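> Here the protein sequences come in this chain order: A and B.
All letters in the first sequence, in the order written, are residues 82 to 362 by this note's numbering.
All letters in the second sequence, in the order written, are residues 136 to 403 by this note's numbering.
C-beta atoms are modelled at their ideal positions from N, C-alpha and C, and glycine is treated no differently.
All values reported here derive from a predicted model rather than from experimental measurement.
One structure, pasted below without further comment.
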Amino acid sequence: MQDALRFLQPDAEPVDRADFVEQARVARQGSHAASRGLPLTIRGLKKSYGDNEVLRGIDLHIPAGQFVAIVGRSGCGKSTLLRLIAGLETIDAGTISFGETARPEDVRVMFQEPRLLPWARVLSNVEVGLGRERATSDAQARADRALTDVGLDEKRGQWPAVLSGGQKQRVALARALVSNPRVLAFDEPLGALDALTRISMQRLLERVWHDQAFTAVLVTHDVAEAVALADRVLVIEDGRIAHDVHVDIQRPRRRGSADLAALEGSILSNLLEAAGELTDH
Amino acid sequence: MSLIDSLPRAGRLRLPSAGGLIPWIVPLAIILIWQAACVTGLVSARVLPAPSDVALAGWKLLLSGELVRNIWVSFWRASVGFLIGGSIGFSFGLANGLSPISSKLTDTTLQMVRNIPHLALIPLVILWFGIDESAKLFLVALGVFFPIYLNTLHGIRTVDPHLIEMGRIYGMTDGELFRRVIFPGALPSIFVGVRFALGIMWLTLIVAETIAASSGLGYMAMQAREFMLIDVVVLSILIYALLGKLADSASRVLERLTLSWHPAFQKH
Chain A
82 MQDALRFLQP DAEPVDRADF VEQARVARQG SHAASRGLPL TIRGLKKSYG
132 DNEVLRGIDL HIPAGQFVAI VGRSGCGKST LLRLIAGLET IDAGTISFGE
182 TARPEDVRVM FQEPRLLPWA RVLSNVEVGL GRERATSDAQ ARADRALTDV
232 GLDEKRGQWP AVLSGGQKQR VALARALVSN PRVLAFDEPL GALDALTRIS
282 MQRLLERVWH DQAFTAVLVT HDVAEAVALA DRVLVIEDGR IAHDVHVDIQ
332 RPRRRGSADL AALEGSILSN LLEAAGELTD H
Chain B
136 MSLIDSLPRA GRLRLPSAGG LIPWIVPLAI ILIWQAACVT GLVSARVLPA
186 PSDVALAGWK LLLSGELVRN IWVSFWRASV GFLIGGSIGF SFGLANGLSP
236 ISSKLTDTTL QMVRNIPHLA LIPLVILWFG IDESAKLFLV ALGVFFPIYL
286 NTLHGIRTVD PHLIEMGRIY GMTDGELFRR VIFPGALPSI FVGVRFALGI
336 MWLTLIVAET IAASSGLGYM AMQAREFMLI DVVVLSILIY ALLGKLADSA
386 SRVLERLTLS WHPAFQKH
């Protein structure tokens, strides 16, 4: 089904399944000992805006290189948690630590909007991601490599305005990857894309995570996306972690397979139950 | 790839094709009808001289060197006044857009001054500066100041805060953030200000030259009125139209060069 749909989609990343399995096997052999990712430890994290207590004490440990998805109803605090991890907000109480001292280049965020500079060509937009290393002589070569990784090297000289939504998000991904981050936080990065582009972007995210072995934290409202991509799904309710589900399904995962669907169903019913909406259905 | 894209556009700028002539059809037709009306006696030459007479008067003034001298004087006043008023307006726009303290301190005052029609200051300006060059420069600079100030301020305040947050995340210093995010983001709005300012620049200059000057296009027209030289008066008015169009075209070319990223300037 997906193979057939791929023809409909200009953005599609042709992923050779055999090649993917081989890559996965090699990656597993290297295993997490070689992981570049940083572990993430959160203790007693609280955050309020005015009287509204958004996070009421989060305790969480994410091992290096793990892919964690955070799901929850809107307003549950999942985006706030991500912004705190990315250092975009100040912490009211508690700690977030990365095991060792993280440089600013080690933690990168990707948002729902691509946030590209419209007045800079694609390649310069990616160079922005190098942060303080922008001035080095190999900056352009690194930006080029990051663009090739997301399959957009032929668009390097274009203005962002001429790219499609999915292509813009891929440039944003290249910008986040170019500094070789060790933690990558995704805030609904695929939320604004159409269904087909989403699928190809999910594959791309999974592939770069595999290749570069960073620790990934993905906030999403799409439970199917969470179980398809993540090693572990956290359900947040009322500013607390309500469920912590490990996804023990081998990669590459087949979208629509029975075990993925079953897991998705159980997480969804958890979410609905908490809101007392299951009785309605 | 992008070079190939830009080639046909550059070519169109250099060689005006048939399409480039369309905007001139209406002005040409008006001149032809006007000429016909004068030749047939439909319009008296004392009310409106024929275009050919106007052209003849222009030719005579050109030969005597008076025309070039007056155009040059007016052009110099316009550009120096524009540069002075524009740079002060731009600086205030930047300062008030970037610093809330500066904005609190000066914006109210500037808004009050803005609501005084600057041409109402002519009597005061004549008392201060006489009919010196500085009087004209002062008025032009004052007129140009506000559109550039307001649009620079507006441009900076409306830069997408998401982009500014992005810049900070990626470790841009304040200087880089200004150079790479805030200034380019404000540029389209600044250009709107520049084009408004160009219109006000000519208006102010011509009024000032008509009332208090001893050289320049406005002065030339007033002199001609004294001697009932209606062809020279009409000539001056036509030159205003041409100079105004020239200034507008110049700002458009500048816009096209600096805003080539903008979807509005990407014609495929």
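1) Nearest CA to the CA of L233/B: which residue from L288/B, A180/B, F264/B?
2) Drop a sphere of 10 angstroms on the beta-carbon of T171/A, count the other beta-carbons inside from all chains shown, and report buried for 16 or more, exposed for fewer.
3) Tell me the residue span of the alpha helix (DSSP H) that contains S155/A.
4) Got a sec? Which residues, its chain only, sit under 8 Å from S112/A by beta carbon, not counting five neighbours each side?
5) Going by C-alpha distance, which of E318/A, G320/A, E306/A is nearest R334/A?
6) Determine the DSSP secondary structure at H327/A, reduced to helix, strand or coil.
7) Quick check on P241/A: buried or exposed, where buried means 16 or more other Cβ atoms within 10 Å of its Cβ?
8) What does DSSP give as the partner residue(s) for F148/A in the beta ladder?
9) Have a look at S395/B and K249/A and give me their C-alpha separation to the nearest angstrom.
10) Need the endpoints of the beta strand (DSSP E) that I143/A sits in, please.
11) What residues of chain B sit near G232/A, judged by a beta carbon separation below 9 Å?
12) Got a sec? Which residues, its chain only, sit under 7 Å from G212/A by beta carbon, not counting five neighbours each side?
13) Hey, is I291/B's beta-carbon within less than 9 Å of any beta-carbon in chain A?
14) Is it buried or exposed for I157/B, if we count other Cβ within 10 angstroms and need 16 for buried?
15) Starting from the C-beta of M122/B, find all residues in its chain whose C-beta is less than 8 Å away, skip the five residues before and the five after it, and write them out in chain order.
16) Among I280/A, R332/A, D319/A, V304/A, which one has its Cα closest to the Cα of H291/A?
17) Return the CA-CA distance between V316/A and L162/A, expressed in angstroms with no decimal places.
18) I need the DSSP call for I177/A, collapsed to helix, strand or coil.
19) So, is the C-beta of Y284/B closer than 9 Å to a C-beta in chain A?
20) By how many angstroms is the C-alpha of E287/A removed from the C-alpha of V149/A?
21) If we call anything under 9 Å between Cβ atoms a contact, is L119/A one with E181/A?
22) If you check the beta carbons only, do V304/A and E345/A fall under 9 Å apart?
23) For the region 208-223 of chain B against the region 266-281 of chain B, do three or more pairs of beta-carbon atoms, one drawn from each stretch, fall closer than 8 Å, so that the two count as touching?
24) Could you give the C-beta distance for V369/B and V178/B, rounded to a whole number, given that I count them as a contact under 8 Å?
25) Short of 8 Å in beta carbon distance, which residues of its chain neighbour L391/B, apart from the five on each side in sequence? Order them along the chain.
26) Return no unless some Cβ of chain B is closer than 9 Å to the Cβ of T360/A.
27) Looking at the C-beta of F192/A, does it have a partner C-beta in chain C at a distance below 9 Å?
28) Hey, quick one: how far does the beta strand (DSSP E) through I123/A stretch, first residue to last?
29) Taking its Cβ as the centre, do 16 or more other Cβ atoms sit within 10 Å of A159/B, making it buried, or is it exposed?
30) Name, in chain order, the residues that DSSP records as bridge partners for M191/A.
31) Am I right that G246/A and A273/A are in contact with their C-beta atoms under 8 Å? What's the rounded C-beta distance?
32) Counting beta carbon pairs with one atom in the region 250-259 of chain A and one in the region 190-198 of chain A, are three or more of them shorter than 8 Å?
33) Under the rule that 16 or more other beta-carbon atoms within 10 Å means buried, what is W200/A, buried or exposed?
34) Return the CA-CA distance between V243/A and G320/B, expressed in angstroms with no decimal places.
35) Go ahead and pull the three-state DSSP assignment for A115/A.
36) So with CB distances below 8 Å, who are the chain A contacts of R315/B?
Checking against the coordinates, here is how it stands:
1) For this step, residue 233/B is matched to residue 98 along the second sequence. Nearest option by C-alpha distance: L288/B.
2) On the first sequence, position 90 is the one that residue 171/A refers to. Burial call: exposed.
3) For the purposes of this step, residue 155/A is identified with residue 74 of the first sequence, where counting begins at 1. Taken as a continuous stretch (DSSP letters only), S155/A belongs to no alpha helix (DSSP H), as it is neither H nor E.
4) Mapped onto the first sequence, residue 112/A falls at position 31. Confidence at S112/A is low in this model, with a pLDDT of 42, below 50, so its placement is unreliable and the value that follows should be read with caution. None.
5) Indexing the first sequence from 1 puts residue 334/A at position 253. Considering only alpha carbons, the answer is E306/A.
6) As a first step, residue 327/A is located in the first sequence; it is residue number 246 there, counting from the start. Assigned with DSSP and collapsed to three states, H327/A falls in strand.
7) Here the question's residue 241/A lines up with position 160 in the first sequence. Here P241/A is buried. Its C-beta has 16 or more other C-beta atoms within 10 Å.
8) Mapped onto the first sequence, residue 148/A falls at position 67. Under DSSP, the beta-bridge partners assigned to F148/A are A297/A.
9) Within the second sequence, numbered from 1, the residue matching residue 395/B stands at position 260. Within the first sequence, numbered from 1, the residue matching residue 249/A stands at position 168. Our two residues, S395/B and K249/A, have alpha carbons roughly 18 Å apart in a direct line.
10) Position 62 of the first sequence, counted from the start, is the residue given in the question as residue 143/A. Secondary structure note for I143/A: its beta strand (DSSP E) is the uninterrupted segment 133-143.
11) The sequence position of residue 232/A within the first sequence is 151, counting from 1. What G232/A touches in chain B: nothing, since even the nearest Cβ is about 17 Å away.
12) The count along the first sequence starts at 1 and reaches residue 212/A at position 131. Result list for G212/A: P185, E186, S260, in chain order.
13) The count along the second sequence starts at 1 and reaches residue 291/B at position 156. It does not; no Cβ of chain A falls within 9 Å.
14) Here residue 157/B is taken as the residue at index 22 of the second sequence, counted from 1. I157/B should be labelled exposed.
15) Outside the modelled stretch of chain B, which goes from 136 to 403, sits residue 122/B, for which no answer is possible.
16) As a first step, residue 291/A must be located in the first sequence, where it is residue number 210. Among I280/A, R332/A, D319/A, V304/A, the Cα nearest to that of H291/A is on R332/A.
17) Locating residue 316/A in the first sequence gives position 235, counting from the first residue. Locating residue 162/A in the first sequence gives position 81, counting from the first residue. Going from the Cα of V316/A to the Cα of L162/A covers about 12 Å.
18) Numbered from 1 along the first sequence, position 96 holds the residue referred to as residue 177/A. Note: I177/A maps to strand in three-state DSSP.
19) Position 149 of the second sequence holds residue 284/B. Not an interface residue.
20) Locating residue 149/A in the first sequence gives position 68, counting from the first residue. Locating residue 287/A in the first sequence gives position 206, counting from the first residue. Approximately 12 Å between the Cα atoms of the pair.
21) Taking the first sequence and counting its residues from 1, the one referred to as residue 119/A is at position 38. Taking the first sequence and counting its residues from 1, the one referred to as residue 181/A is at position 100. Contact annotation: L119/A and E181/A have beta-carbon atoms nearer than 9 Å.
22) Locating residue 304/A in the first sequence gives position 223, counting from the first residue. Locating residue 345/A in the first sequence gives position 264, counting from the first residue. Yes. Within cutoff.
23) Here the region 208-223 of chain B makes contact with the region 266-281 of chain B; the two share three or more CB pairs at distances below 8 Å.
24) Locating residue 369/B in the second sequence gives position 234, where the first residue counts as 1. Locating residue 178/B in the second sequence gives position 43, where the first residue counts as 1. At roughly 12 Å, the Cβ-Cβ gap does not stay under 8 Å, so V369/B and V178/B are not in contact.
25) Here residue 391/B is taken as the residue at index 256 of the second sequence, counted from 1. Checking the displayed sequence, the identity of residue 391/B turns out to be Arg instead of Leu. F400, listed in sequence order.
26) In the first sequence, the residue the question calls residue 360/A occupies position 279. Below a pLDDT of 50, predicted positions are generally treated as unreliable, and T360/A, at 48, falls in that range; the measurement from the model is reported next regardless. No - not a single Cβ of chain B is within 9 Å of the one on T360/A.
27) The structure shown contains no chain C; its protein chains are A and B.
28) In the first sequence, counting from the first residue as 1, residue 123/A sits at position 42. Here the beta strand (DSSP E) through I123/A covers 121-130.
29) As a working note, residue 159/B is residue 24 in the second sequence. Checking the sequence shown, residue 159/B turns out to be Trp, not Ala. By the Cβ neighbour-count rule, W159/B is exposed, with fewer than 16 other Cβ atoms within 10 Å of its own.
30) Taking the first residue of the first sequence as 1, we reach residue 191/A at position 110. Bridge partners of M191/A: F267/A.
31) Sequence index remark: in the first sequence, residue 246/A carries index 165 (1-based). Sequence index remark: in the first sequence, residue 273/A carries index 192 (1-based). Here G246/A really is in contact with A273/A; their C-beta atoms are around 6 Å apart, less than 8 Å.
32) Below 8 Å, enough C-beta pairs join the region 190-198 of chain A and the region 250-259 of chain A to call them touching: three or more.
33) For the purposes of this step, residue 200/A is taken as the residue at position 119 of the first sequence. Classification of W200/A: buried, given that the 10 Å Cβ count is 16 or more.
34) Along the first sequence, read from residue 1 onward, the residue named residue 243/A stands at position 162. Along the second sequence, read from residue 1 onward, the residue named residue 320/B stands at position 185. One C-alpha to the other measures close to 18 Å.
35) On the first sequence, residue 115/A is found 34 positions in, with the first residue counted as 1. Because A115/A carries a pLDDT of 48, less than 50, the predicted location of this residue cannot be relied on, and the following value inherits that uncertainty. Secondary structure at A115/A: helix, using DSSP grouped into helix, strand and coil.
36) Position 180 of the second sequence holds residue 315/B. Those are L198, A201, V209, listed as they occur along chain A.
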